[in-house]
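Please read the structure below before turning to the comments.
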Amino acid sequence: MTTEVVDPVPGAGAPHLPRQTGLVQLLTPEGERVQHPDYAIDVTAEELRDLYRDLVLVRRWDVEATALQRQGELGIWASLLGQEAAQIGAGRALRPDDTAFPTYREHGVAWTRGVDPLHVISLFRGVDNGGWDPVATGFNLYTVVIGAQCLHATGYAMGLQRDGAESAALAFLGDGATSQGEVNEAMIWAASFSAPVVFFCQNNQYAISVPLERQTRIPLYQRAAGFGFPGVRVDGNDVLAVLAVTRAALAAAREGQGPTFIEAFTYRMGAHTTSDDPTRYRLASELEEWKLRDPIARVKAYLSRTGTADADFFADVEAQADELAVRIRRGTTEMADPPGRAMFDRVYAEQTPHLAAQQAQFEAYQAGFEGGGH
Amino acid sequence: MAETLTIGKALNLGLRRAMEDDAKVVLMGEDIGRLGGVFRITDGLQKDFGEDRVVDTPLAEAGILGTAVGLAMRGYRPVCEIQFDGFVFPAYNQIVTQVAKIHARSRGRLPMPVVIRIPFGGGIGAVEHHSESPEAYFAHTPGLKVVAVSNPVDAYWGIQQAIAHPDPVVFLEPKRRYWDKGEVDTGATPEALFASRVVRAGDDVTVLAYGPMVKTALQAAEAAAEEGRSLEVVDLRTISPLDLDPVVDSVRRTGRCVVVHEAPVTLGLGAEIAARVTEHCFHSLEAPVLRVGGYDTPYPPSKLEEEYLPDLDRVLDAVDRAMEF
Ligand SMILES: Cc1ncc(C[n+]2csc(CCOP(=O)(O)OP(=O)(O)O)c2C)c(N)n1
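Going down the list, the protein sequences come from chains A and B.
Mind the numbering: the first sequence is residues 1 to 374 in the numbering used here, read in order.
Mind the numbering: the second sequence is residues 1001 to 1325 in the numbering used here, read in order.
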């Protein structure tokens, strides 16, 4: 088989995009297994079926959350539609002792870390800033300010290194984020200290409305060379390739070989968030082209063709997805609003007298309303 | 030529007119081109003025402000859009160490007519970093001017005046009021940019507000009137320089003053105003200057913002307290 798949769908992609070069792929859009000399991966039939299940479940979660937003249950939702393979592949490459540093779109990675979808949803509902335990899950809190988490991941990795821990940090970022000064600083730090950190960039081609060409003149993965560490471009819609590439990069990091930059070449099929209108900045034809590279369809095709999974399996996964959707819907609509005093909780590890007094005033004022005294 | 415009549309027309008037005006920001900005304030401008004058920038705020500095040195008038208040901080270094100081450091040889447009404040149900009130950081920095508009008339004229102004102006737009409408006479002579204005006359208490809180203050005055209490509302309009004369005149008459803003009260603009009003009106004051603001907590998740943000009840509560002295 081919060693490296160059431009797997000739001519596909947005017209402004550079030709895809050096794309690592292990499962073609048609569902054919191909080999790569650097990224061999052995997966059992069961592992493949599990990956498929992950992909389907996170997509269903995403679709349900988008619907909940439309119905007014969530303030906003950042959809991962189209990016499932990039996230599941990267997330499943992590070991329990590794730590992920997400942006605001990594619901699929959250899933692989055992974070309850309702915790992620609570943030978008405006109930809290993310209710999960970042320490217990090894999945950090979401980061809305673009790029900030890349420095955190690098510093965390430096801590791992000092402690002699053989674990790694995995920083997530978007193509737009690569323009931020802080992201570039993170890469300089990571290189300079050979920190066990992997930068996982989901190049979904747009930063809200701004196409990739406004952030870079060269393929993003080639930037890594300038920082002095390897850069790899992987088919972000190929869960196997993403798994293999991320595993290898994390292993290298744990072994003291320093950082890697992974560019997962993918596409955001939905809007940037539910507040966005993508028809203003991209063509329907582009979307149609990317549909042909759907990350789930190709795994399904492979599983069916090779007899690795049968109709019962697919039906079972669908049933699980339905169940998940129901749980998410019910959990969201039943999610209680936080009490007002929650604002004052844990602003500090050690509460200040000033804030305690302000909290007491707040509570007294609120009580005045409840007693109808106002 | 009176037109009914939203604040958002008034800004859009103001920007358009500023670009027509001066070919050196360049808009820069994330998603301001094809998308027209996330709030559509620059809608249609790239189409009409081209990609060189309405620049979709890379996703980097330090880059937006840092290059604006260089463009300003070359005689351009950059108008930078920061997408949301919480994202101005990557550019903070450029704003406070460079934009603010270069005029003084160059002894006036390097012009710095940069406008930094920031949709600010809460109340739109957003996630974190989308609802902040960072005005005090900028007002505390000598070399910057800071204005906060509250209505379509000031939005329309204010943005043009800020752009034509020789100094850097942080131009705060009340994002939750973008859709509020009002009559704008585009042929009128505008009021000066750095001037506050009495927007409702009254005798009992002077209420000071700016940006999104002006509407809240006016609602409070309306409600107070029903109870026979007369509030005078002053729209500060400008935060730096502060135009205190109308405030001092007012407080000398009413003897009472309440300052309202969304930002946390501690070291917020209210603190500065309280100090100055006390200095100038000490003998007229019947009560201490009271502040109504956000609590000294991070801006909370959106389900709690109603409780965090000053509303008319909290303004009235402060008015009651002022009257009790
Ligand atoms: C510092 C900062 N500036 C602006 C924004 C507003 N914003 C949110 S997402 C986004 C685009 C991000 O694009 P990219 O990094 O490619 O990630 P994607 O959303 O495509 O996953 C922008 C401009 C922000 N969150 N933080």
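Even glycine gets a Cβ: it sits at the ideal position worked out from N, Cα and C.
This structure is a prediction, so every number in the text was calculated from the model and none was measured.
Taking C-alpha positions only, residue 234(A) is separated from residue 201(A) by approximately 10 Å. In the displayed model, residue 1261(B) falls within a strand according to three-state DSSP.
For residue 60(A), the closest C-alpha among the options 225(A), 99(A), 290(A) and 84(A) is that of 84(A). The beta carbon of residue 1281(B) sits closer than 7 Å to those of 1248, 1251 and 1252, all from its chain and outside the five residues before and after it, given in chain order. Around residue 1049(B), no beta-carbon contact reaches into chain A at under 7 Å, the shortest distance being about 17 Å. With its beta carbon less than 8 Å from one in chain B, residue 343(A) belongs to the interface. Per DSSP, the unbroken alpha helix (DSSP H) holding residue 300(A) starts and ends at 295-305. Note: residue 1119(B) is bridge-paired with 1173(B) in the DSSP secondary-structure output.
Rounded to whole angstroms, the Cβ separation of residue 39(A) and residue 26(A) is 7 Å, and the two are in contact under 8 Å. Taking 7 Å as the Cβ-Cβ cut-off, the region 1281-1313 of chain B approaches chain A at 1295, 1296, 1297, 1298, 1300, 1301, 1302, 1303, 1304, 1307, 1308 and 1313, given in chain order. The closest heavy atom of ligand 1 lies 7 Å or more from the beta carbon of residue 1057(B). Taking a C-beta cut-off of 7 Å against chain B, the contacting residues of the region 323-339 of chain A are 337 and 338, listed in chain order.
Residue 1182(B) has its Cβ no nearer than 7 Å to any heavy atom of ligand 1.
Going by beta carbons, residue 283(A) and residue 41(A) fall outside the 8 Å limit.
Along the region 109-192 of chain A, the alpha helix (DSSP H) occurs as fully enclosed runs of 4 or more residues at 117-125, 134-137, 148-163 and 181-192, listed in sequence order. With distances taken between CA atoms, residue 1211(B) lies nearest to 1173(B) out of 1173(B), 1197(B) and 1182(B). Identification of chain B residues near residue 62(A) by a Cβ-Cβ cut-off of 7 Å yields none; the smallest Cβ-Cβ distance measures about 17 Å. DSSP places residue 199(A) inside the beta strand (DSSP E), whose first and last residues are 197-203. At a cut-off of 8 Å between C-beta atoms, residue 347(A) counts as an interface residue with respect to chain B. In this structure residue 100(A) touches residue 94(A) by the C-beta definition: roughly 6 Å separates them, less than 8 Å. Between the alpha carbons of residue 1074(B) and residue 1118(B) lies a gap of roughly 24 Å. Inclusion of residue 1050(B) and residue 1136(B) in the CB contact set at 8 Å is not warranted, their separation being larger than that value. Look at residue 226(A) here: in three-state DSSP terms it is helix.
Within the chosen limit of 7 Å, ligand 1 reaches the beta carbon of residue 272(A) through at least one heavy atom. Rounded to whole angstroms, the separation of the alpha carbons of residue 1146(B) and residue 1186(B) is 23 Å. Listed along chain A is no residue with a C-beta nearer than 8 Å to that of residue 1152(B); the closest approach is about 23 Å. Between residue 1121(B) and residue 1176(B), the C-beta gap is smaller than 8 Å, which places the two residues in contact. Annotated as proximal: residue 132(A) and residue 115(A), with beta-carbon spacing under 8 Å.
Contact between the region 262-278 of chain A and the region 206-217 of chain A is present: 3 or more CB-CB pairs across the two stretches fall below 8 Å. Using a CB distance cut-off of 8 Å, residue 1030(B) counts as an interface residue toward chain A.
The residue among 168(A), 33(A) and 322(A) with its C-alpha nearest the C-alpha of residue 257(A) is 168(A). In the three-state reduction of the DSSP assignment, residue 52(A) falls in the helix class. For the set 1056(B), 1124(B), 1311(B) and 1262(B), the Cα lying nearest the Cα of residue 1220(B) is the one of 1311(B). If you draw a straight line from the Cα of residue 1283(B) to the Cα of residue 1289(B), it is about 13 Å long.
Pairing residue 1058(B) with residue 181(A) gives a Cβ-Cβ distance that is not under 8 Å.
The region 1258-1278 of chain B makes no contact with the region 1178-1185 of chain B; the number of CB pairs closer than 8 Å stays below 3.
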